[in-house]
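According to mature numbering (1 follows the signal peptide of the UniProt record, and there is no 0), the residues represented by the sequence shown are -19 to -1, 1 to 343, in order. Heads up, the beta-carbon is just placed ideally off N, CA and C, and yes, glycines get one too.
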Amino acid sequence: MEKPLLLFIFIFYWHFLNALFTVEAPQSLYTVEHGNNVTMECTFPVNGKLKFRDLSVSWEKKDELKQVYALLKGEEDFESQHSDFRGRIKLLKENLNLGRSLLHITDVKLRDAGFYRCVIGYGGADYKIINLKVKAPYRTITQGVVSTGDNEWKLTCQSEGYPQAEVMWQNRRYEDLTDKANTSYETGSDQLYRVTSTLTIKSRIDEFFYCIFWNKELQENTSAILHIADSADGLLWPKSRHFVGPILIVTAFFGSVLLLMLYIRKARANKDTGTPVASSSIAKLSKEKDTHDCRDASFEDELKSGVYLVTAHYSSDLGIMQLFRYLRRTALDLDCFVVHLANRRKRTFSLLEHEIHAHVIT
């Protein structure tokens, strides 16, 4: 403890030293989520090449006088480091030449919150105070719906976070039922609040209820929907934005696969029936402004993967090409259309009677 003590005494008399030496804090407040990493910074003047043997850096937790990190005369001192920070602290020494003291903390705990003092001794001496706030939003809500008989139901919502949150209850008409609920709070070794709220209520089948966790300090809320169904056992419908995106993506994917299968099946059926179609020709799409006459396209012997105009010779009174009717269900008032060749294999677009039939071969 002697080395840190000498450093603190040295800093105490900093105003007697070089008045031009000033430590700055580019950011005085850092907010980080529980379990994430954070890097706090203070800066100091360096003239020319840094002399490590003349440099001393100290980071300490001001409120509790816990030593976080110490570099004394160019040598790291881990003996004085408080056990709360062991294995989670690193000073990014490669930035010291630039006059930057960067303290990196991994796996941030709730107990890490507070004020930190960054002390630099290098010819002169100075320090700055930096505030670290740690938040733990109530992101995941565990829900349960249990029948207790005679149309009575026990609805439960549980979540963990920090600081302590309120739990509110509403029915599908958004009437407040909070007064009828029982909410309890527990804290674990990680200082997180485990909040459990239970609402016992009489209700018919196919009703919806909402539990809302309101974190006043963070001005955040997380809600869940509980559905009373014919069989209410286990966890039900979380209402969270984190699940909406993946659900939509999966739904869109399977929907696209289904449409593709239906189209292939229909195309094969049309091919087997031998529907009479007009003769087709293919013209490469020009990069210039399209001045093409779609009814007079020239055939190319060798095609490369790309974008092409697929056209056909037909009488002018036909007029409308109903393209991909299976998908859009609307007629396109076009004389030609664009097809993108994704790979080099034969593709056949078989349309209905009196429509254009285009064979694309690459």
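Between Phe2 and Gly105, the gap from beta carbon to beta carbon is short of 8 Å. The beta-bridge partner set that DSSP reports for Ala205 consists of Cys192. Spatial neighbours of Ala94 in its own chain (CB-CB distance under 8 Å, excluding positions within 5 residues in sequence) are listed in chain order as Leu113, Lys114, Val115.
In this structure, Tyr155 sits away from Glu141, with a CB-CB distance that is not shorter than 8 Å. Assignment of Leu79 by DSSP, reduced to helix, strand and coil, places it in the helix class. When the alpha-carbon of Thr87 is set against those of Ile70, Ser178, Gly130, the nearest one is in Ile70. By the CB criterion at 8 Å, Thr24 and Leu84 fall outside the cutoff. Taking all protein chains in view, the Cβ of Asn196 is crowded by 16 or more other Cβ atoms within 10 Å, so the residue is classified as buried. Secondary structure in the stretch 11 to 38: the beta strand (DSSP E) runs of 3 residues or longer, each lying completely within the stretch, are 19 to 24 in chain order. DSSP places Thr181 inside the beta strand (DSSP E), whose first and last residues are 174 to 183. In the DSSP assignment, Asn112 falls within the unbroken beta strand (DSSP E) covering 105 to 116. Take Leu91, set aside five residues on each side of it, and the residues of its chain with a beta-carbon closer than 8 Å to its own are His15, Val115, Ala117, Tyr143, Asp171, Gln172, Leu173, in chain order. Counting every other CB atom within 10 Å of its CB across the protein chains shown gives Thr179 a total of 16 or more, marking it as buried.
Secondary structure at Ser170: coil, using DSSP grouped into helix, strand and coil. Spatial neighbours of Asp211 in its own chain (CB-CB distance under 7 Å, excluding positions within 5 residues in sequence) are listed in chain order as Ile186.
When the Cα atoms are used, Glu57 and Gly68 turn out to be separated by approximately 14 Å.
The C-alpha of Asn202 is placed about 22 Å away from the C-alpha of Gly169. The residues Val126, Val127, Ser128, Thr181, Ile182, Lys183, Ser184, Ile209, Ala213, in chain order, have a CB closer than 8 Å to that of Trp134 in the same chain once the five nearest residues on each side in sequence are set aside. Looking at the backbone, the Cα of Val100 and that of Thr12 are separated by about 21 Å. Leu136 has Val126, Leu180 as its beta-bridge partners, per DSSP. A distance below 8 Å separates the beta carbons of Phe189 and Ile206. Exclusion of the five residues before and after Gln8 leaves Met21, Glu22, Ile111 as the residues of its chain whose Cβ lies within less than 8 Å of its Cβ. For Glu147, the enclosing beta strand (DSSP E) starts and ends at 147 to 152.
Proximity to Cys138 across Thr177, Phe33, Tyr50 peaks at Thr177, based on C-alpha coordinates.
Contact between Val49 and Phe66 holds: CB atoms are separated by about 5 Å, below the 8 Å threshold. Relative to Val4, the option among Gly55, His63, Tyr103, Thr164 whose CA is nearest is Tyr103. With 16 or more other Cβ atoms from the protein chains shown falling within 10 Å of its own Cβ, Gln124 counts as buried. Rounded to whole angstroms, the separation of the alpha carbons of Leu79 and Gly29 is 10 Å.
Ala51 places its beta carbon 8 Å or farther from that of Ser64. Across the set Asp107, Phe33, Asn76, Glu167, the C-alpha of Glu167 shows the shortest separation from the C-alpha of Gln145.
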